[in-house]
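Numbering (UniProt numbering) for the sequence shown: 1 to 296. Idealized CB from N, CA, C, for every residue including glycine.
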Amino acid sequence: MISPPGAGGIGAAPVRPIPVFRHANGYMMYVDSHCHLDFPDLACREDEILTTMAANRVGAALCVGVKLEDFPRVLGLAERHPRLWASVGVHPDNADCEEPTVERLCELAAHPRVVAIGETGLDYHWHQDAPEWQRARFRTHIRAARAAAKPLIIHTRSAAEDTLRLMREEHAAEAGGVMHCFTESREVAEVALALGFYISFSGIVTFRNARELKEVAKIVPLERLLIETDAPYLAPVPHRGKTNEPGWVVHVAEELARLRGEPLERIEQATTDNFYRLFRHAQGPHSGSASAPQGT
Numbered sequence: 001m002i003s004p005p006g007a008g009g010i011g012a013a014p015v016r017p018i019p020v021f022r023h024a025n026g027y028m029m030y031v032d033s034h035c036h037l038d039f040p041d042l043a044c045r046e047d048e049i050l051t052t053m054a055a056n057r058v059g060a061a062l063c064v065g066v067k068l069e070d071f072p073r074v075l076g077l078a079e080r081h082p083r084l085w086a087s088v089g090v091h092p093d094n095a096d097c098e099e100p101t102v103e104r105l106c107e108l109a110a111h112p113r114v115v116a117i118g119e120t121g122l123d124y125h126w127h128q129d130a131p132e133w134q135r136a137r138f139r140t141h142i143r144a145a146r147a148a149a150k151p152l153i154i155h156t157r158s159a160a161e162d163t164l165r166l167m168r169e170e171h172a173a174e175a176g177g178v179m180h181c182f183t184e185s186r187e188v189a190e191v192a193l194a195l196g197f198y199i200s201f202s203g204i205v206t207f208r209n210a211r212e213l214k215e216v217a218k219i220v221p222l223e224r225l226l227i228e229t230d231a232p233y234l235a236p237v238p239h240r241g242k243t244n245e246p247g248w249v250v251h252v253a254e255e256l257a258r259l260r261g262e263p264l265e266r267i268e269q270a271t272t273d274n275f276y277r278l279f280r281h282a283q284g285p286h287s288g289s290a291s292a293p294q295g296t
């Protein structure tokens with residue numbers, strides 16, 4: 001059974017008021033909080049993807065690392081483009097790769113374009129018979145995040161109870177972070193929120209059969225809400241089945257606005273502000289790092 005830590009309801013951990021981050025010209029811009037632009041399907045279309053982002057007012061994206069061997073490509077994207085940021089980590093599905101250490105993760109995370117540790121977590125969907133190495137790796141990432149003072153990007157699939165248990169045991173709340181591409185129950189969301197984590201929704205929330213997830217999306221506090229594409233995967237409706245890209249994160253925001261009965265502009269502002277609050281090492285639009293949206 002999953003037990004929330006401490007008393008209080010959804011989002012019991014205190015949060016700061018949402019600041020208003022706006023460009024000098026008054027535009028708000030969306031942020032894709034999780035994508036993989038180094039993957040082959042997207043790496044070959046770098047300029048096109050950035051153009052679509054600008055056309056759809058997506059002002060920034062976080063390029064998430066999944067292998068240490070591939071980290072130079074992820075970092076290269078963030079170094080070339082001021083609207084892109086990087087994270088460093090080893091995905092729980094990756095068994096045959098360089099195993100991270102706390103020291104190595106902290107060394108790579110010290111780069112100013114790296115704003116988070118992850119993608120990390122537990123995934124028993126494909127590895128039900130040998131999860132111990134996943135748990136050890138997850139602990140390593142949490143310890144690195146605490147040492148580096150950078151937030152965690154957490155993946156969990158068919159492993160929610162163990163994921164939350166290790167988060168508590170390793171004091172993940174000290175680093176903070178996000179439950180990315182959230183697909184779990186309301187109960188899991190409540191525990192993660194009580195630990196101070198953010199909840200990020202992907203294109204899955206736009207799928208017609210994601211009924212339970214749509215209900216969860218209604219109750220996550222606005223100040224803990226993030227949006228993502230997880231590109232090149234999980235393209236939202238109306239692009240379902242295609243290769244996903246950051247410019248389509250607007251469709252996730254539109255669905256959240258519809259489900260929650262809130263103006264789209266409020267979802268846009270809150271999720272953008274939340275991104276820069278959580279990933280505080282990223283230079284936000286309020287500091288002039290991103291320009292006004294450009295037409296195509």
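**OP:** Starting from the Cα of A54, find the closest Cα among C44, D32 and D70 and give me that residue.
**Re:** D32
**OP:** Report buried or exposed for P14, applying the criterion of at least 16 other Cβ atoms within 10 angstroms of its Cβ.
**Re:** Confidence at P14 is low in this model, with a pLDDT of 41, below 50, so its placement is unreliable and the value that follows should be read with caution. By the 10 Å Cβ count, P14 comes out exposed.
Original post:
So which of L75, I204, R45 and E107 has the shortest CA-CA distance to V240?
Top reply: Looking at the sequence itself, residue 240 is Arg, so the reference to Val does not match. It is I204 whose Cα lies nearest to the Cα of R240.
**OP:** Pick helix, strand or coil for L68, following the three-state DSSP scheme.
**Re:** coil
Original post:
For Q134, which residues from the same chain have a beta carbon less than 6 Å from its beta carbon, with the 5 sequence-adjacent residues on both sides left out?
Top reply: P92 and L122
Original post:
DSSP on P293, reduced to helix/strand/coil?
Top reply: Confidence is the limiting factor: at P293 the pLDDT is only 31, short of 50, which leaves the residue's position unreliable and the question unanswerable from this model.
**OP:** Assuming V252 contacts I227 (C-beta within less than 8 Å), just tell me the rounded distance between them.
**Re:** 5 Å
Subject >> 8 Å Cβ cutoff met for L68 and P151 >> reply: No; because the gap between Cβ atoms is not below 8 Å, this pair is not in contact.
**OP:** Give the straight-line distance between the Cα atoms of L222 and E184, rounded to the nearest whole angstrom.
**Re:** 18 Å
Subject >> Validate contact between the stretch 166–184 and the stretch 136–150 using beta carbons, cut 8 Å, 3 pairs >> reply: yes
**OP:** With DSSP as the reference, please indicate the residues paired to L226 in a beta bridge.
**Re:** Answer is S200, bridged to L226.
Original post:
Anyone know if the C-beta pair for P246 and F39 falls short of 8 Å?
Top reply: no
Subject >> Integer-rounded CB distance, given that L77 should sit under 8 Å from L108 >> reply: Contact doesn't hold; Cβ gap of about 15 Å is too wide.
Original post:
Rounded to whole angstroms, how far is the Cβ of T229 from the Cβ of V216, which I believe are closer than 8 Å?
Top reply: The pair is not a contact, with the Cβ atoms about 19 Å apart (cut-off 8 Å).
Original post:
Of all the alpha helix (DSSP H) runs that stay within the bounds of the stretch 54–139, which reach a length of 4 or more residues?
Top reply: 71–80 and 102–109
Original post:
Does the beta-carbon of C44 have 16 or more other beta-carbons within 10 angstroms, so that it is buried, or is it exposed?
Top reply: exposed
Original post:
Which same chain residues, not among the five before or five after P263, have their C-beta less than 7 Å away from its C-beta?
Top reply: Closer than 7 Å at the Cβ level, and outside the excluded window around P263, lie A257.
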